[in-house]
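Visitor: The structure is given below, and queries will be raised subsequently.
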Amino acid sequence: MNRSQSSKSAVATQILIAGSIIWSLLGGGLQILANLQLLIPMLAYFQPTAVFGYGRLVPAATFLLTYGWIGSGLLGVLMILVPRFSGIPFRHNHVLTFGAIAWQLAILTGLTQILMTGGSGLLSLPFGRTVTLILLVSFLVLGTGITRGLGGTWKSGPILPRLYLLGGILAFPLGLGTAELLLRGGTAPGGVQIITQLVWHSFVHHLWLTPMALVLLFQLLPTLTGRPTTSLSLGLLSWGLFFTLGGWASNSLASQGPVPSWLQSAGVVAGVLLFVAALGNTVLFQPLLEGKMDEIRRNVALRFLSLGAWSYLVAYGWMMFLSIPGVRQNTAFTVAWNANQSVFLFSFLGSILAGSIYALLPVVRNLGWPSHSSLLWHFWCTALGVALTFSGYALGGVLQGLALNDPGVPLSTVASYLCPFLVVIIAGQALWIVGQLAFSSLLIATLLKLFPSTAPMAVFPSSRTSGADLAPVRH
Amino acid sequence: MKPTRALAIVLVALLFTWIGQVAVGYLQVGKLEPVLNEETSLTNPPAPSGLAQTGARVFASEGCLECHSLSVRGPAGSADLTRGWGPRRSVPRDYLFREPALIGFARIGPDLSDVGERIKEPNDLMMHLLNPKKLRSTSTCPPHPWLFELKLAGPKNENDSMPVTAADWKQVVPSYKAKALVAYLQSLNLGYPLPEAPLK
Chain A
2 MNRSQSSKSA VATQILIAGS IIWSLLGGGL QILANLQLLI PMLAYFQPTA
52 VFGYGRLVPA ATFLLTYGWI GSGLLGVLMI LVPRFSGIPF RHNHVLTFGA
102 IAWQLAILTG LTQILMTGGS GLLSLPFGRT VTLILLVSFL VLGTGITRGL
152 GGTWKSGPIL PRLYLLGGIL AFPLGLGTAE LLLRGGTAPG GVQIITQLVW
202 HSFVHHLWLT PMALVLLFQL LPTLTGRPTT SLSLGLLSWG LFFTLGGWAS
252 NSLASQGPVP SWLQSAGVVA GVLLFVAALG NTVLFQPLLE GKMDEIRRNV
302 ALRFLSLGAW SYLVAYGWMM FLSIPGVRQN TAFTVAWNAN QSVFLFSFLG
352 SILAGSIYAL LPVVRNLGWP SHSSLLWHFW CTALGVALTF SGYALGGVLQ
402 GLALNDPGVP LSTVASYLCP FLVVIIAGQA LWIVGQLAFS SLLIATLLKL
452 FPSTAPMAVF PSSRTSGADL APVRH
Chain B
28 MKPTRALAIV LVALLFTWIG QVAVGYLQVG KLEPVLNEET SLTNPPAPSG
78 LAQTGARVFA SEGCLECHSL SVRGPAGSAD LTRGWGPRRS VPRDYLFREP
128 ALIGFARIGP DLSDVGERIK EPNDLMMHLL NPKKLRSTST CPPHPWLFEL
178 KLAGPKNEND SMPVTAADWK QVVPSYKAKA LVAYLQSLNL GYPLPEAPLK
């Protein structure tokens, strides 16, 4: 890729990544506002507008964090990575720029809809039909751009990232289109609508976001550590499990109610097997990181990626734990499920996204990261913040569940049990935002080249032999 | 693995996901019909009024589901039933006329599947929307004042104006959305028997 081409496709990438950072700050802020209202219910009496009501803040924050922060960000880093591992540069860069802008427009429209007029109430589909349409058009452009030429160079590099990429890129439009038709096309009767929402919820998390993050892990960990992944067959097995069962996992969210019991059992089986698949992948990642503690400490990209890799296992382990029938009976309808969100979005996907930005942005912009205390702030605030949020939600949720299942405990008492945990959760979320602010200030300063462009911090090993896949492609 | 084969595997897996759950689910719960009550020649579950249908959308858009579930769990003696959240558990047929059909995933507040039976008086429900503390001083449900309008009071307040005082000779009148939401809350009750879920 020559210089001018790479800088043009970099526009789309930078829009996606900058958008991602902005949405993360906004989403995190809205989440704190919502939790403050839960902690101090009287606050609700002081705000006369619907916009900041709890019932609007929560879906708005979840939407921003899922589609805005993680969705936009992962697409952005994949746009840097994929042309380099496929060896085929992007053409029609202004079309990609259009796609990237359209994605941000969709997020902005969705956010405005949810805050101003209210969400749809549908799980993982809180926005209106216009937003679905813009998301689909944008994804068509970006997804085609990202996967273009993948088939032609299939044999020239590691297969696992390509397989996950293929699956993730197909799952989003096929899932969203079908969910939209079934839920708002007037075609599905009541009970089926509920099943459809659960399927779409699974699609978003296990068939779209997780595979995109795994592409990055499978490509970047070997590059950064200079060690290849072993055992292809184990990797293929995990991939197979993920795509066959990923769409079934959210059934374990339902406890009795209108979801047929065989589907709930299928959800439990899926939850267990997805954990097995995550375990399989961890067995592949672990040898890459073993004995590399010094490098992990020194290299901020590797640090975040290894945090992401371990959180991946924890996220699926926690999900499996929550889906066990005896546990689910207790934790259904409690904040224990929010613990899932904090480890899944904030720790697993968020760390992989941050690590990938640290590793990949220098490739497009020809710059490096300074060895700056902001890096440490970013890492430790993220790690500590997420640990606090996760443990607050997890313990609070289990306690809330036990209390809800004891009819002798009045609801107001259940709420008071949650208070100390909410304090911890809000503190964790605030810490996370501090980390994210450190990251964004560093990012802005780096993009504006306020630092010397040769990096004192080695993000890439100086010998390019192991990083061959990432070296700029020449034509 | 060839790319075409990988593509085929992914497509089959995604198809399996949709068909396995939605199509089979459709055969199982999508084909349910309401049960006719011979005495009243009404159906179980009862078909909601148009106003209640609108109210269901207000309920969804106000995010009441972020704190209230719409799904009661059995069996007899379970916490949900003992708490008085309904006379029986919810089953798929209960959701037949729900548009959108929602079950909610949080219980910061009580389940509302049977709230129309618990709070029978529409004025009470309306007051709960405006100021929950007026109904129960300890309630932590948030108020929804934006569902009400402030209008200049005439010589006499409008019939539906709320029994609260407002400054500047104003009266507080429920909006159409508030009326729809109350109609929806009133329509929420599980007090009808179904073959798969008899009353006790």
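Protein chains in written order, with our numbering: chain A, 2 to 476; chain B, 28 to 227.
Even glycine gets a Cβ: it sits at the ideal position worked out from N, Cα and C.
1. State the DSSP-derived secondary structure class of T455 of chain A, mapped to helix, strand or coil.
2. Is it true that the CB of L17 of chain A sits closer than 8 Å to the CB of M80 of chain A?
3. Alpha carbon to alpha carbon, what distance is there between L396 of chain A and I36 of chain B?
4. Whose CA, out of A:W201, A:L171 and A:C420, lies closest to the CA of Q38 of chain A?
5. If I'm right that R100 of chain B touches Q437 of chain A with Cβ under 8 Å, what's the distance once you round it to whole angstroms?
6. Helix, strand or coil, according to DSSP, for K160 of chain B in the structure here?
7. Can you tell me whether S117 of chain B is buried or exposed? The criterion is at least 16 other CB atoms within 10 Å of its CB, across all chains shown.
8. List the residues of chain B that L235 of chain A touches, going by C-beta distances under 9 Å, in chain order.
9. Taking the CB atoms as reference points, tell me whether G57 of chain B and V193 of chain A lie closer together than 8 Å.
10. At a Cβ threshold of 8 Å, is S121 of chain A touching chain B?
11. Based on the DSSP output, what are the partners of T70 of chain B in its beta bridges?
12. Out of A:L385, A:A103 and A:T154, which has the shortest C-alpha to C-alpha gap to S489 of chain A?
13. Strictly by DSSP, which residues pair up with Q198 of chain B?
14. Flag T44 of chain B as yes if its beta-carbon sits less than 8 Å from any beta-carbon of chain A, otherwise no.
15. Identify which residue in A:A316, A:Q330 and A:L376 has its Cα closest to the Cα of L299 of chain A.
16. For the alpha helix (DSSP H) that C382 of chain A lies in, which residues bound it at each end?
17. Would you say T192 of chain B faces chain A, with C-beta separation under 8 Å as the test?
18. Counting only C-beta atoms, is T455 of chain A closer than 8 Å to chain B at any point?
19. Whose C-alpha, out of A:G227, A:Y165 and A:F128, is nearest the C-alpha of Q291 of chain A?
20. Relative to the C-alpha of L78 of chain B, which residue among B:K147, B:G111 and B:K204 is closest?
21. Compare the C-beta of L171 of chain A with all C-beta atoms of chain B and state if any pair is closer than 8 Å.
22. With a threshold of 6 Å on Cβ separation, who are the neighbours of G100 of chain A within its own chain once the five nearest residues in sequence on each side are excluded?
23. When you check each C-beta in the region 170 to 196 of chain A against every C-beta of chain B, which residues fall closer than 8 Å?
24. Consult DSSP for L151 of chain A and reduce its assignment to one of helix, strand or coil.
25. Taking C-alpha atoms, which residue in B:A207, B:P201, B:F132 and B:E223 lies nearest to P75 of chain B?
26. Would D470 of chain A count as contacting chain B if we go by Cβ distances under 8 Å?
27. Judging by CA-CA distance, which residue of A:S73, A:V83, A:N252 and A:S125 is the nearest neighbour of L106 of chain A?
28. Bridge partners of L40 of chain A, per DSSP?
29. For the region 205 to 281 of chain A, list the beta strand (DSSP E) runs that are entirely contained and at least 3 residues long, ordered along the chain.
30. Residues in the same chain with beta-carbon distance under 6 Å from R92 of chain A, minus the five sequence neighbours each way, listed in chain order, please.
31. Starting from the beta carbon of P159 of chain A, find every residue of chain B whose beta carbon is closer than 9 Å, and list them in chain order.
32. Counting only runs that start and end within the region 49 to 111 of chain A, where is the beta strand (DSSP E) found for 3 or more residues in a row?
33. Determine the chain A residues that contact V199 of chain B at a beta-carbon separation under 8 Å, and present them in chain order.
34. What's the gap between the Cα of A83 of chain B and the Cα of Q213 of chain B?
35. Does DSSP put L290 of chain A in a helix, a strand or coil?
Guide: In this structure, then:
1. Its pLDDT being 48, under 50, T455 of chain A is placed unreliably by the model, and nothing is read from it.
2. Their beta carbons are under 8 Å apart, which means M80 of chain A touches L17 of chain A by this criterion.
3. Distance between the alpha carbons of I36 of chain B and L396 of chain A is about 40 Å.
4. If you compare the alpha carbons of A:W201, A:L171 and A:C420 with that of Q38 of chain A, the shortest gap goes to A:C420.
5. Contact between R100 of chain B and Q437 of chain A fails: their C-beta atoms lie close to 38 Å from each other, not under 8 Å.
6. DSSP, reduced to helix, strand and coil, places K160 of chain B within a helical segment of the structure shown.
7. S117 of chain B comes out buried.
8. Neighbours of L235 of chain A on chain B: none; closest Cβ ~14 Å, over 9 Å.
9. Taking 8 Å as the cut-off, the beta carbon of G57 of chain B is found closer than this to the beta carbon of V193 of chain A.
10. It does; some Cβ of chain B falls within 8 Å.
11. Within the DSSP secondary-structure output, T70 of chain B pairs in a beta bridge with B:L63.
12. Past the boundaries of the shown model lies residue 489 of chain A; chain A is included only from 2 to 476, so the question cannot be answered.
13. BP columns for Q198 of chain B point to B:K178.
14. Yes, T44 of chain B lies at the interface with chain A (some Cβ there is under 8 Å from its Cβ).
15. Reading off the sequence shown, one finds Arg at residue 299 of chain A, where the question assumed Leu. The candidate whose alpha carbon is nearest that of R299 of chain A is A:L376.
16. Per DSSP, C382 of chain A belongs to the alpha helix (DSSP H) from S374 to L405.
17. It does not: the Cβ of T192 of chain B has no partner Cβ on chain A nearer than 8 Å.
18. Its pLDDT being 48, under 50, T455 of chain A is placed unreliably in this model, and the coordinates cannot settle the point.
19. The question names Gln, but residue 291 of chain A in the sequence shown is Glu. A:G227 is the residue among A:G227, A:Y165 and A:F128 whose C-alpha sits nearest the C-alpha of E291 of chain A.
20. Distance check between L78 of chain B and each of B:K147, B:G111 and B:K204 places B:K204 closest, using alpha-carbon atoms only.
21. L171 of chain A counts as touching chain B.
22. Correct list, in chain order: S139, V142 and L143.
23. Correct list: L171, A172, L175, G176, T179, L183, L184, A189, P190, G191, G192, V193, Q194, I195 and I196.
24. The three-state secondary structure of L151 of chain A, taken from DSSP, is coil.
25. Minimum Cα distance to P75 of chain B is reached at B:A207.
26. Because D470 of chain A carries a pLDDT of 39, less than 50, the predicted location of this residue cannot be relied on, and no value is offered for it.
27. Looking from the CA of L106 of chain A, the closest CA among A:S73, A:V83, A:N252 and A:S125 belongs to A:S73.
28. Bridge partners of L40 of chain A: none, in fact.
29. With a minimum length of 3 residues, no continuous beta strand (DSSP E) run stays inside the region 205 to 281 of chain A.
30. Excluding positions up to five away in sequence, the list is empty.
31. Within 9 Å Cβ-Cβ: nothing; P159 of chain A doesn't reach chain B, min ~12 Å.
32. For the region 49 to 111 of chain A, not a single whole beta strand (DSSP E) run of length 3 or above is found.
33. Under the 8 Å cutoff, chain A gives no residues; its nearest Cβ is about 12 Å from V199 of chain B.
34. Rounded to the nearest angstrom, the two C-alpha atoms are 11 Å apart.
35. L290 of chain A falls in the helix class under three-state DSSP.
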